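J.: When the letters of the sequence shown are read in order and numbered with our numbering, they come out as residues 18 to 226. The beta-carbon is built from N, C-alpha and C at its ideal position, and this holds for glycine as well. Keep in mind it's a predicted model, so treat the numbers as computed, not measured. There's a structure below that I have some questions on.
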Amino acid sequence: MNAYHGLEDWLSWMDDISSKDYVIIDHFLRDELYTEIKTFFLGKLPSFKEAGIGAHADHQIDTKIRGDFTYWLDRNRDAQLTGYWSLLDETMHIFNRYCYLSLSGYEFHLAHYPSGGHYDKHLDQFENRNNRMISMIIYLNDDWKQGDGGELEIFEKDGSSFLVEPLAGRCVMFKSAEVPHAVLKAHKSRFSLTGWLLHQPSSVGKLFV
18 MNAYHGLEDW LSWMDDISSK DYVIIDHFLR DELYTEIKTF FLGKLPSFKE AGIGAHADHQ
78 IDTKIRGDFT YWLDRNRDAQ LTGYWSLLDE TMHIFNRYCY LSLSGYEFHL AHYPSGGHYD
138 KHLDQFENRN NRMISMIIYL NDDWKQGDGG ELEIFEKDGS SFLVEPLAGR CVMFKSAEVP
198 HAVLKAHKSR FSLTGWLLHQ PSSVGKLFV
């Protein structure tokens, strides 16, 4: 398998996530793959569904807490995203090799926050389903500028927080059970590719997020 990113970069990013619980990577996608994903995203917008909170029997729609729309990816159905699936395989391999996480699957969706959409402070790992190990977000927002909203707010262990601008091609990865975060209200459409690297395969049960 030809590596998308060099080992030196990966090791630096693994050091960050090991020491800080998160890492922020600009230009994670090269132009060709970014364009491929963004084109696919825009083509699937009519198929997006309103997102909820909770898993299985606890699933509910509550726009006071969360206001985005999602399209869940399937590797067989969405096979044209060849480069993206290869990058996910590489990412999972790196975490297993250098962080000893025993990851064995992943689940990802396209996310659209329309103007006014937000997501209150939360952890990504469910209380009754704890196989989400690493959260991974890739932003797809061309020409984002201050005032557009939709920043990711990450909360540190000391109670402080900081904002991450959802810039095109930027990737954020963090420990799903350790990093509380929120999405501030978007003032224009905000696009991302979001998901989790799992300790167990994503085919175990129907997932709601």
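With a 10 Å radius around its C-beta and 16 neighbouring C-beta atoms as the bar for buried, classify residue 73 as buried or exposed.
T.: Per-residue confidence for residue 73 stands at a pLDDT of 42, beneath the threshold of 50, marking its modelled position as unreliable; the derived number appears in the next sentence. Residue 73 should be labelled exposed.
J.: Quick check: the Cα distance between residue 196 and residue 88, rounded to an integer number of angstroms?
T.: Approximately 24 Å between the Cα atoms of the pair.
J.: Per DSSP, residue 88 forms a beta bridge with which residues?
T.: Looking at the DSSP assignment, residue 88 forms a beta bridge with 127.
J.: Ends of the alpha helix (DSSP H) at residue 37?
T.: Taken as a continuous stretch (DSSP letters only), the alpha helix (DSSP H) holding residue 37 covers 24-37.
J.: Closest to residue 184 by C-alpha separation, out of 191, 194, 208, would be which residue?
T.: Of the candidates 191, 194, 208, the one whose C-alpha sits nearest the C-alpha of residue 184 is 208.
J.: In whole angstroms, give me the CA-to-CA distance for residue 141 and residue 199.
T.: If I take the Cα positions, the gap works out to 10 Å.
J.: Does the contact criterion of 3 or more C-beta pairs under 8 Å hold for the region 175-193 versus the region 41-59?
T.: Segments in contact, yes.
J.: With a threshold of 6 Å on Cβ separation, who are the neighbours of residue 154 within its own chain once the five nearest residues in sequence on each side are excluded?
T.: Excluding sequence neighbours, residue 154 sits near 189, 209, 211.
J.: According to DSSP, residue 116 sits in a beta bridge with which residue or residues?
T.: Beta-bridge pairing links residue 116 to no other residue.
J.: For residue 170, does the three-state DSSP call read helix, strand or coil?
T.: In the structure shown, residue 170 sits in a strand (DSSP, three-state: E or B).
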